[in-house]
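Below is one structure, written out as structure tokens; the observations come after it.
Chains as they are written, first to last, in my numbering: chain D, 2 to 431; chain P, 2 to 431.
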């Protein structure tokens, strides 16, 4: 254990530069904590001459990250290339095949190929670590795999995408609509030029699939995640949520039942009294519900060079310390394939908002549609009066299945006095 | 690694019973996660015949926990006796001397004898683990030692005592005073018959001293902790805090400066917009501020059989998995002795409340006393008017040293129109 852990860094974007800076800043401290130095022995990126905030002259350079992964002077590869196919996957596989440990921030890779990579890493006797892949700086992988390892989990959920949380928080703070706030987020660097991975919920779903596997001891099942993004959330709905005692958050929620696992990513209303309702801006948070520990929440920054580097280097320190655990906490062969429970079967309260022509009988028609689908109304608010003009009607329901609500909404959408497609937001009991 | 980890449990109170129940419930799951079974091989307590919620007939019994600690059929001792001297310390030392790993929930023992025990464990090549000693079910030890190991910490703080947090939350919710709420907490089992360890801040100080050592890489220095409890907090001050945009919380706060370490435990006002302000009831929370990760908060239940057992068994699983780290993250010989910075030197805003006789000139006299001590007033509120009767005056100040405020308060207390000892609560910038 006395020799240095020699790391090859593949990918030198924001996070890669952050890792180099961190290891440069904290070399002595990390050597004390890890019991031996953690050093960058080589780097690789697409373009050697790109302008970067770090000086690469002291590092061995590889044009080909796959060659770096197999180099005899590398003990661990830090994969920061991204994407679930192509070079990132090739690098991870090559490293494992060559007997190198792999640390990655790549949620897509783990979500799509996690089961296979876990088996490969286990056969090769190397570690596949991915703290940086989920919720940035929050050490949620370690918390689930080790800190709370004595618990059976019933539910794990969280705010897993900082871009969406920034947008929703900013919409609430300023009363502006989605498109305008998205544009601002793009200007500030909180959202990508093509924001769909974030705002359509795909990124959160990748992370949720990983957490689900880890918490419930099952194979990663990204295809089993029901996904809705936040594009349809309007300033009006955010204002109503406030009034009703909720906040709207994009949550990833995984629950374990007798007959399978339910994974959902969607914007939902969470009661203002819950800790997760107060997680704002670019912060992420994950809540784990364990049978002995109860509810544990971990909150921190979900992205950015510093937090992500913090997580990636923590994995490297673990490897340097000789901590070697199975990828998803239990041996890959013991991970179960569990049926994905259909999101339509999910039971919960819901919020719906309609724009209706203000005339007698509309409420009766809407109420009848809900009744015919066995949905019980908890509250109904019609705001303002402007005869024969469009007014919003807001309804919250008691518990119902998503399938019943789908049917009711399709009937309601067909009513003549209903002027726009109905908006529906689930109310989450947390 | 294939044989079972054989645990001897010393102390069979609430937590001990919880551990037996947990290992009984989750035996197979834990064996999968740990790579081998974790089994209770023996138990010891003061009174074998005491009525307990668990059946002890299946376990080997020791009257003498020290004999159990040295028994060749024990790999690890779980010390749940409590207290910083006497049997608890003897058991821990005997176990280490016999080459057994030690897991403990004993914050007093670690806070007072942590440095010596860490050295002894290291010499013996055994693990001394204490996740259950700080903040119950919250895996804060693992988070600081491993999850955030890539960071240098500037500050660590938290709500470390559930009894105090329950009392302060309940005082706020009901408007009742300390004594009444304490009595209720005792009735409900949230406070001990002799509550002084909790309400006078000693328990929180034990925990803070441990966190300080771990976060800053220094020897545990319990004597260096400045401590104030919550007995003096009144319903009136809680109401004023609300009005001023704060919550009153008993915090333990450790900061690292160039010239030493500052450790403080006291009730203080925290801005309502901070996450820690919303940690209520028996919940605990710890915030770590790292230079790369930023602010990370972990929240969960700080006491109780389930959460504490969760933490203790997580330590046992680590040991079974072969994870062996120095007690305070770095080798005991490298832990520095750092000067304790005097609390009087601490600089911050403060809140003071006076009961004064409502007559002309009082405010002028009070203001003059503050000015003479170089303290700048941020806001001053006098509520109600009842000439020549007692009325409250509330003042918040800009940043000042605690020493300056001590001097100002002693002058103010001497004013004839000031009818009760002034109350002072620090305002914490979080």
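Note that the Cβ used here is the ideal one computed from N, Cα and C, for glycine as well. From a predicted model like this one, the values you see are computed outputs, not experimental measurements.
key: the stretch 317–351 of chain P: positions lying closer than 9 Å to chain D by Cβ   = 317, 318, 319, 322, 323, 324, 325, 326, 327, 330, 331, 332 and 335
key: C-alpha distance - residue 26 of chain D paired with residue 70 of chain D, whole-angstrom precision   = 25 Å
query = By Cβ distance below 8 Å, which residues in the same chain neighbour residue 261 of chain D in space, the five residues on each side in sequence not counted?
reply = 339, 340, 341 and 342
inquiry  = Any C-beta of chain D within less than 7 Å: which residues of the stretch 31–59 of chain P qualify?
reply    = 31, 33 and 34
request  = Would you identify the three-state DSSP class for residue 402 of chain D, choosing helix, strand or coil?
outcome  = strand
request  = Give the interface partners of residue 296 of chain D over in chain P, defined as CB-CB distance under 7 Å, in chain order.
outcome  = 301
query = Going straight from the alpha carbon of residue 420 of chain P to that of residue 221 of chain P, what length do you get?
reply = 42 Å
request  = Taking only beta carbons into account, state which residues of the stretch 133–147 of chain P come closer than 7 Å to chain D, listed in chain order.
outcome  = 138, 139, 140, 143, 144 and 147
query = Which residues in the same chain as residue 121 of chain P place their Cβ atom closer than 6 Å to its Cβ, once the five residues preceding and following it in sequence are excluded?
reply = 97
ask   = Can residue 227 of chain P and residue 344 of chain P be called in contact, C-beta distance under 8 Å?
value = yes
Residue environment, residue 50 of chain D, which counts as buried when at least 16 other CB atoms sit within 10 Å = exposed
message = Just to confirm before moving on: does the CB-CB distance between residue 127 of chain P and residue 102 of chain P stay below 8 Å?
response = yes
task = Note down, in chain order, each residue of its chain lying with its Cβ closer than 8 Å to the Cβ of residue 407 of chain D, except the 5 sequence neighbours on either side.
result = 345
ask   = Taking Cβ positions only, does residue 2 of chain D come closer than 8 Å to chain P?
value = Reliability of the predicted coordinates at residue 2 of chain D is poor, the pLDDT of 48 falling under 50, and no value is obtained from them.
query = At a Cβ cut of 7 Å, what residues of the stretch 263–291 of chain P count as close to chain D, listed as they run along the chain?
reply = 276, 279 and 291
request  = Going by DSSP, name the residue or residues bridged to residue 290 of chain D.
outcome  = D/156 and D/296
query = Closest by CA to residue 61 of chain D, which one among D/31, D/10 and D/192?
reply = D/10
ask   = When DSSP labels each residue in this structure, what does residue 207 of chain P get in the three-state scheme?
value = helix
ask   = How would you call residue 90 of chain P, buried or exposed, if buried means at least 16 neighbouring beta carbons within 10 angstroms?
value = buried
key: is_contact[residue 102 of chain P, chain D] using C-beta, thresh 8 Å   = no
message = In whole angstroms, give me the CA-to-CA distance for residue 188 of chain D and residue 166 of chain D.
response = 16 Å
query = Going straight from the alpha carbon of residue 141 of chain D to that of residue 237 of chain D, what length do you get?
reply = 34 Å
query = Within this structure, are the beta carbons of residue 370 of chain D and residue 426 of chain D separated by less than 8 Å?
reply = no
task = State the Cα-Cα distance for the pair residue 2 of chain P and residue 8 of chain P, rounded to the nearest angstrom.
result = At residue 2 of chain P, the pLDDT of 48 sits below 50, so the modelled position is not reliable; the number obtained from the coordinates is stated separately. About 15 Å.
message = Does residue 55 of chain P come out as helix, strand or coil in the three-state DSSP assignment?
response = coil
ask   = Whose C-beta lies closer than 8 Å to the C-beta of residue 182 of chain D among residues of the same chain, with five residues either side of it excluded?
value = 168, 171, 172 and 175
query = Would the stretch 278–291 of chain D and the stretch 309–320 of chain D be scored as touching if the rule is three or more Cβ pairs under 8 Å?
reply = no
task = Run down chain P in chain order and give the residues with a C-beta less than 8 Å from the C-beta of residue 116 of chain D.
result = Neighbours of residue 116 of chain D on chain P: none; closest Cβ ~17 Å, over 8 Å.
Distance between beta carbons of residue 15 of chain D and residue 210 of chain D, contact taken as under 8 Å = Contact doesn't hold; Cβ gap of about 24 Å is too wide.
task = Quick one: grab the DSSP three-state call for residue 279 of chain P.
result = helix
request  = Run through the stretch 303–348 of chain P for me and flag every whole beta strand (DSSP E) of 3 or more residues, listed as ranges in chain order.
outcome  = none
message = Please report the distance separating the alpha-carbon of residue 66 of chain P from that of residue 107 of chain P.
response = 15 Å
Whole-angstrom distance between residue 245 of chain P and residue 280 of chain P, CA atom to CA atom = 18 Å
Straight-line Cα distance separating residue 232 of chain P from residue 361 of chain P = 32 Å
key: Neighbour flag for residue 152 of chain P against chain D, beta carbons, 8 Å   = yes
query = Is the stretch 154–166 of chain D touching the stretch 39–48 of chain P in the sense that three or more CB pairs, one from each, lie closer than 8 Å?
reply = no
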